[in-house]
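Presented below is the structure to which this report refers.
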Amino acid sequence: MPKGSVWKVKTELVGGTRLEGLSDPADALPRLKISPEAFEALKGLRSRGETIREVVERLIFLAAEQANNQPR
Numbered sequence: 001m002p003k004g005s006v007w008k009v010k011t012e013l014v015g016g017t018r019l020e021g022l023s024d025p026a027d028a029l030p031r032l033k034i035s036p037e038a039f040e041a042l043k044g045l046r047s048r049g050e051t052i053r054e055v056v057e058r059l060i061f062l063a064a065e066q067a068n069n070q071p072r
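For the sequence shown, the residue numbers in full-length UniProt numbering are 1 to 72.
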């Protein structure tokens, strides 16, 4: 896979997945810039084997879930 390319899971297979490249910029995943200080803080929030990107995604989903559960 070329560096900087974006892929998504097309099919789940036994023992792996089939990936599909995203060529249209509209299909690209959002990019986040993280400050060095935030990066260091995120390192401490990782679960075993979790990447920094996965930590950020998990925190975004948790925040969105909490926002949806707030009474209006």
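Ideal placement from N, C-alpha and C gives every residue a C-beta, glycine not left out.
Judging by CA-CA distance, which residue of the options is the nearest neighbour of residue i?
i: L32; options: E57, S47 and R18; result: E57
i: I34; options: R46, F61 and R53; result: R53
From residue i to residue j, what distance separates their C-alpha atoms?
i: E40; j: E50; result: 14 Å
i: A38; j: G21; result: 30 Å
i: Q70; j: L62; result: 13 Å
i: Q66; j: L19; result: 31 Å
i: S47; j: I60; result: 16 Å
i: N68; j: V55; result: 20 Å
i: P36; j: L45; result: 15 Å
i: L42; j: A64; result: 18 Å
**OP:** Return the chain-ordered ranges of every alpha helix (DSSP H) run that is complete within the stretch 41 to 72 and spans a minimum of 4 residues.
**Re:** 52 to 69
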